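Numbering (my numbering), first residue to last: 10 to 514. Glycine is no exception: its CB is placed at the ideal position from the N, C-alpha and C atoms. Note that the structure is predicted; figures quoted are calculated from it, not measured.
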RNA sequence: GGGACGGUAGCUCAGCCGGUCAGAGCAGGGGACUCAUAAUCCCUGGGUCGUGGGUUCGAGUCCCACCCGUCCUACCA
């Protein structure tokens, strides 16, 4: 058994969540549930990044205090926990969680003690939306490539972090695999960025420009800690850095794996700045960073203005949490962005869940009820007709383990569908209804049908077990209906409903 | 400008270190069955594996160039 910690990035809460957020939450949740099922000691964490300047502006625009604005919008993210059937152990809000500020201050003090901070005047083009400086050349027609807004020309005296000191050590950590960046193409991308030369970066903003929102720099009330420095710290402040050292040791320093799940847009912060900050402060580094791609929706980049920012809460309500979970796991490619459409979700749900797995469970449970009054026969020691089914069933767990280790959720999900396929094929080949008729009309012995039914129940139970991390709600239903390993099945009831799109769409 | 990753059947995609690698699923066509959520099973694919070269006995699978897409990175007029 090992100790496993997995974390999402914390989204800044301005605006509503979209399917892209759901993707990251679901992937992380599946990793956590998977490890728990295997018996590991697991801690899964998410939260919200509240201290961005953007929140101040939005709050001002609405004429409400920042605190209450942030509390309100954060609810949209918090509520996804239930809507998507997530199993996070912790949710940290950087503005109001009492654990956060002391930890950030401690981290700051540790970097300062190392001599990694210095003051410098900086002039640059700053995009408030990104909370990031851009070089002239990075802009698209003078506008932020992410937000399409004109960045502000900013000149101020800030604290800088000596990132340049850590260039070699960072390259070593990543190329050696001690800090594993996945997929490999992302690791190469990070390494080439590091090798191109790292420059110190600014880790504070003037109190004035931050409108007083954020965490003041210890010993310098004129400056506020840069929101990225602040936000990244959540990964250690939540487990107790700066507030509960015993807990922190347990859930960070002494954990066997510390895994970040992030989107491709913030690799630099997580694979370069963050490990460097930790090295500076003398804190253990994360062990893995899994980078996912982005989702588009209806063929376009997700944005509020395009009107395609699908609300995952609404999707889950409309199609079911497990249908949405299944889509993000089964249909999202590892390389390249994937387009979300309702149609794709519905197709996946109907093909894999309703028609394949759901129907197999349904026909199995129905037959056990019809032919054996719900009593599950004993599994035959020898069943030549089920050789292939047994082979596929027995191999699934290892194949899934391999896929999960590579963060290949799609392949893992496919393995489960293959088990369902083989189960359905077995039903056709074994024709239990013919065996039942033979018992009735020809007084045939029950052993043949017993063996088939037992094989099918075993398959459905295995499907339920394999699905636990992916579709927790539905997996529980399958297991319950199949008798939970006991001697009887329940009444048949469709586990997955067939979905339809409104004709209007 | 440099680099990464994609470009494989109508659609979504598998194809590791070169030799059943020309595939799966969906869609389409035909058939079977009835236990089941009009579900399932079987049969059915005349695709220049982005383009052009090269290496090799043999290349989606390696090399070079180019085109298209996406993404990193870069203060050259």
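Rounded C-alpha distance that separates residue 55 from residue 245: To locate residue 55, count along the first chain from 1; it is residue 46. To locate residue 245, count along the first chain from 1; it is residue 236. Near 12 angstroms, if we compare the C-alpha coordinates of residue 245 and residue 55.
Beta-bridge partners of residue 440, as assigned by DSSP: Counted from its first residue, the first chain places residue 440 at position 431. DSSP output for residue 440 lists no bridge partner at all.
Beta strand (DSSP E) segment containing residue 368, residue limits: Against the first chain, residue 368 aligns to sequence position 359. Unbroken run through residue 368 is the alpha helix (DSSP H), 368-381; no beta strand (DSSP E).
Any 3 or more C-beta pairs closer than 8 angstroms across the segment 269-287 and the segment 11-25: yes
Under the three-state DSSP convention, the category residue 514 falls into: The count along the first chain starts at 1 and reaches residue 514 at position 505. For residue 514, the pLDDT reaches just 42, beneath the cut-off of 50, and the residue's location in the model is therefore unreliable, although a value from the coordinates is still provided. In this structure, DSSP gives residue 514 a state outside helix and strand, which the three-state scheme calls coil.
CB of residue 497 within 9 angstroms of CB of residue 383, strictly: As a position in the first chain, residue 497 is number 488, starting the count at 1. As a position in the first chain, residue 383 is number 374, starting the count at 1. Contact: yes.
Whole-number beta carbon distance between residue 389 and residue 439, since they are thought to touch under 8 angstroms: By one-based count along the first chain, residue 439 stands at place 430. By one-based count along the first chain, residue 389 stands at place 380. So it is not a contact: roughly 12 angstroms between Cβ atoms.
Three-state secondary structure assigned by DSSP to residue 477: Position 468 of the first chain, counted from the start, is the residue given in the question as residue 477. Looking at residue 477 - three-state DSSP - the assignment turns out to be coil, as it is neither helix nor strand.
Option in 266, 356, 495 with minimal Cα separation from residue 44: As a position in the first chain, residue 44 is number 35, starting the count at 1. The shortest C-alpha separation from residue 44 is found at 266.
Any 3 or more C-beta pairs closer than 8 angstroms across the segment 326-344 and the segment 413-423: yes
Chain-order list of residues whose beta-carbon lies under 7 angstroms from that of residue 478 (same chain, five-residue window excluded): Position 469 of the first chain, counting from 1, holds the residue named residue 478. Answer for residue 478: 39, 42, 43, 46, listed in chain order.
Alpha carbon of residue 242 to alpha carbon of residue 112, nearest angstrom: Along the first chain, one-based indexing puts residue 242 at 233. Along the first chain, one-based indexing puts residue 112 at 103. Roughly 7 angstroms between the two C-alpha positions.
Nearest to residue 507 (by Cα), restricted to the options 107, 374, 414, 355: As a position in the first chain, residue 507 is number 498, starting the count at 1. The residue with the shortest Cα to Cα distance from residue 507 is 355.
Spatial distance of residue 212 from residue 304 (CA atoms): By one-based count along the first chain, residue 212 stands at place 203. By one-based count along the first chain, residue 304 stands at place 295. In a straight line, the C-alpha of residue 212 is about 30 angstroms away from that of residue 304.
Same chain only: Cβ atoms within 6 angstroms of residue 28, ignoring 5 sequence neighbours per side: If you number the first chain from 1, residue 28 lands on position 19. Taken in chain order, the residues that qualify are 304, 319, 321, 349.
C-beta atoms of residue 347 and residue 491 nearer than 9 angstroms: Your numbering for residue 347 matches position 338 in the first chain. Your numbering for residue 491 matches position 482 in the first chain. Contact flag unset, no.
Status (buried if at least 16 other CB within 10 Å, exposed otherwise) for residue 77: Taking the first residue of the first chain as 1, we reach residue 77 at position 68. Result: exposed.
Burial state of residue 429 (16 or more Cβ within 10 Å): Indexing the first chain from 1 puts residue 429 at position 420. Result: buried.
Neighbour-count burial assignment, residue 207, 16 or more Cβ in a 10 Å radius: Walking along the first chain from the start, residue 207 turns up at place 198. The residue is buried, with at least 16 neighbouring Cβ atoms inside 10 Å.
Close beta carbons around residue 369, own chain, < 7 angstroms, minus the five adjacent residues each side: One-based indexing of the first chain puts residue 369 at position 360. Excluding positions up to five away in sequence, the list reads 429, 432, 433, 469.
Integer Cβ distance of residue 504 from residue 367, believed to fall under 8 angstroms: On the first chain, position 495 is the one that residue 504 refers to. On the first chain, position 358 is the one that residue 367 refers to. About 5 angstroms; that satisfies the 8 angstroms criterion.
For residue 101, the residue or residues it bridges with in DSSP: Your numbering for residue 101 matches position 92 in the first chain. Paired residue(s): 56.
Residue 377 burial status per 10 Å Cβ neighbour count (16 or more: buried): Numbered from its first residue, the first chain carries residue 377 at position 368. When all chains shown are included, residue 377 counts as buried.
C-beta contact flag for residue 362 and residue 483 at 9 angstroms: If you number the first chain from 1, residue 362 lands on position 353. If you number the first chain from 1, residue 483 lands on position 474. Closer than 9 angstroms, so yes.
Contacts around residue 402, its chain only, beta-carbon distance under 7 angstroms, and the 5 residues preceding and following it disregarded: To locate residue 402, count along the first chain from 1; it is residue 393. If the five residues before and after residue 402 are omitted, its C-beta is found closer than 7 angstroms to the C-beta atoms of 428, 468, 471, all from its own chain and listed in chain order.
Coil, strand or helix - residue 306 by DSSP: Within the first chain, numbered from 1, the residue matching residue 306 stands at position 297. Strand, per DSSP.
Cβ-Cβ distance between residue 83 and residue 74 below 9 angstroms: Position 74 of the first chain holds residue 83. Position 65 of the first chain holds residue 74. No.
Extent of the continuous beta strand (DSSP E) run through residue 10: For the purposes of this step, residue 10 is identified with residue 1 of the first chain, where counting begins at 1. Segment: none, residue 10 is in no beta strand (DSSP E) and carries neither H nor E.
Own chain residues within Cβ distance below 6 angstroms of residue 257, not counting five before or after: Taking the first residue of the first chain as 1, we reach residue 257 at position 248. Around residue 257: 248, 249, 250.
Sequence-distant residues of the same chain with beta carbon closer than 6 angstroms to residue 500, five excluded per side: Here residue 500 refers to the residue found at position 491 of the first chain. So no residue of the chain qualifies.
Reduced DSSP category for residue 191 - H, G, I as helix; E, B as strand; rest coil: One-based indexing of the first chain puts residue 191 at position 182. Reduced to three states, the DSSP call for residue 191 is strand.
DSSP three-state assignment for residue 293, whether helix, strand or coil: The sequence position of residue 293 within the first chain is 284, counting from 1. Reduced to three states, the DSSP call for residue 293 is coil.
Option in 345, 294, 437 with minimal Cα separation from residue 310: On the first chain, residue 310 is found 301 positions in, with the first residue counted as 1. Selected option, being the one with the closest Cα: 345.
Per-residue burial, residue 57 [other beta carbons within 10 Å of its own, 16 or more giving buried]: Locating residue 57 in the first chain gives position 48, counting from the first residue. The residue is buried, with at least 16 neighbouring Cβ atoms inside 10 Å.
Beta-carbon contacts of residue 227 that lie in its chain and below 7 angstroms, excluding the five residues immediately before and after: In the first chain, residue 227 corresponds to position 218, counting from 1. For residue 227, where only same-chain residues beyond five positions count, the Cβ hits under 7 angstroms are 114, 117, 118.
Cutoff 6 angstroms; reference residue 386; Cβ partners in own chain excluding five residues on either side: Mapped onto the first chain, residue 386 falls at position 377. Hits under 6 angstroms: 459, 462, 463.
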